[in-house]
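Numbering (my numbering), first residue to last: 47 to 352. A virtual CB, placed ideally from N, CA and C, is assigned to each residue, including glycine. Below is one structure, written out as structure tokens; the observations come after it.
The structure is reproduced here in structure tokens:
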């Protein structure tokens with residue numbers, strides 16, 4: 047494992063990686079930009095607890111004072127949760143400047159993958175990935191998450207792409223870049239708040255052991271790309287597709303009216319959808335993250351047996 051001079055791996059995470067024990071990476075944008083305080087901190091700590099219950103070590107990832115961190119203390123999670131939107135949302139393009147300036151950054155899917163890979167962590171659980179935004183054929187607004195999945199060999203367990211995106215174009219982009227899109231127990235791409243999207247995934251895989259075997263085979267062959275595992279939100283928390291889609295349409299129209307673009311888009315849309323749905327979307331968001339943490343920990347445990 048390449049130790050980077052800007053990287054701090056917590057003793058627990060470093061020991062687990064060195065001993066070949068299961069570790070699951072977690073992002074920090076969900077803490078600072080995904081939910082209000084104190085719910086963000088409670089959720090982050092609960093996700094860590096779920097990973098432990100399922101036999102793995104959690105490694106929440108962030109940039110603190112210009113240091114790349116793999117494995118945060120509860121105090122550091124609390125700090126990010128309280129600081130909220132004042133923390134920079136850090137994508138790949140932001141890393142060098144934030145590190146050079148000694149600033150804080152909440153990691154997106156992209157930067158969590160980069161830092162996890164540096165630290166020797168192979169499995170990462172998140173909510174939803176970014177993708178190709180609606181209207182991208184004119185705006186060129188495509189999330190760096192997709193490019194990272196093409197280039198960094200980390201398995202990302204998510205609930206599909208956020209349905210605020212153009213899901214068809216997101217799948218096309220991943221296919222062009224050779225990223226396998228796996229449905230966990232489903233042939234259909236889950237759309238974050240709902241279990242169905244009308245789009246097909248590349249493969250359906252039904253057990254953590256099979257997921258681990260597929261990722262391991264790619265690794266052994268020297269395939270550079272990551273693997274995207276889409277795990278549908280549990281039935282009990284799945285939202286009505288019409289309700290969520292109409293909320294999304296409204297939010298997208300509001301973003302356009304208010305000239306919201308770039309990295310402000312996703313936080314704006316998620317907050318607006320939460321307001322329109324009376325908070326139901328936030329509850330769903332929390333439950334799907336818990337569900338992904340479970341699957342990621344079980345898969346990481348299987349991967350360590352190979």
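Asked	Found
What residue from 53, 94, 54 and 123 has the CA that sits closest to residue 87's CA?	123
Do residue 237 and residue 213 count as a contact pair if the criterion is CB distance below 9 Å?	yes
Buried or exposed: where does residue 104 fall if 16 or more other Cβ atoms within 10 Å of its Cβ makes it buried?	buried
If you run the structure through DSSP and keep just helix, strand and coil, what is residue 206?	strand
With hydrogens ignored, establish whether the beta-carbon of residue 283 is closer than 8 Å to any heavy atom of the ligand GTP.	With respect to the ligand GTP, the structure offers nothing, as it holds no ligand at all.
Which value, in whole angstroms, describes the spacing of the CA atoms of residue 57 and residue 245?	42 Å
What is the rounded straight-line gap between the Cα of residue 347 and the Cα of residue 171?	14 Å
Look at the Cβ atom of residue 335, then the Cβ atom of residue 76, and state whether they are nearer than 9 Å.	yes
Express the C-alpha separation of residue 140 and residue 48 in angstroms, rounding to a whole number.	With a pLDDT of 48 at residue 48, under the threshold of 50, the modelled position of this residue cannot be trusted; read the value that follows with caution. Residue 48 and residue 140: Cα-Cα distance of roughly 21 Å.
Below 9 Å between beta carbons: does that hold for residue 225 and residue 272?	yes
Is there contact here, the region 294-302 with the region 256-268, by at least three beta-carbon pairs under 8 Å?	no
With contact counted as at least three CB pairs below 8 Å, one residue from each stretch, are the region 190-207 and the region 304-317 in contact?	no
Name the one or two DSSP bridge partners that residue 230 has.	251
Count the other CB atoms, across all protein chains shown, that sit within 10 Å of the CB of residue 320; report buried if there are 16 or more and exposed otherwise.	buried
With distances taken Cα to Cα, identify the nearest neighbour of residue 78 among 108, 101, 344 and 51.	108
Counting only the same chain and skipping the five closest in sequence on each side, list residues whose C-beta sits under 7 Å from that of residue 333.	279, 280 and 283
Would you tell me roughly how many angstroms separate the C-alpha atoms of residue 184 and residue 178, rounded to the nearest one?	11 Å
Could you give the distance in angstroms between the alpha-carbon of residue 68 and the alpha-carbon of residue 327?	31 Å
Hey, would you say residue 102 sits closer than 9 Å to residue 169, going by beta carbons?	yes
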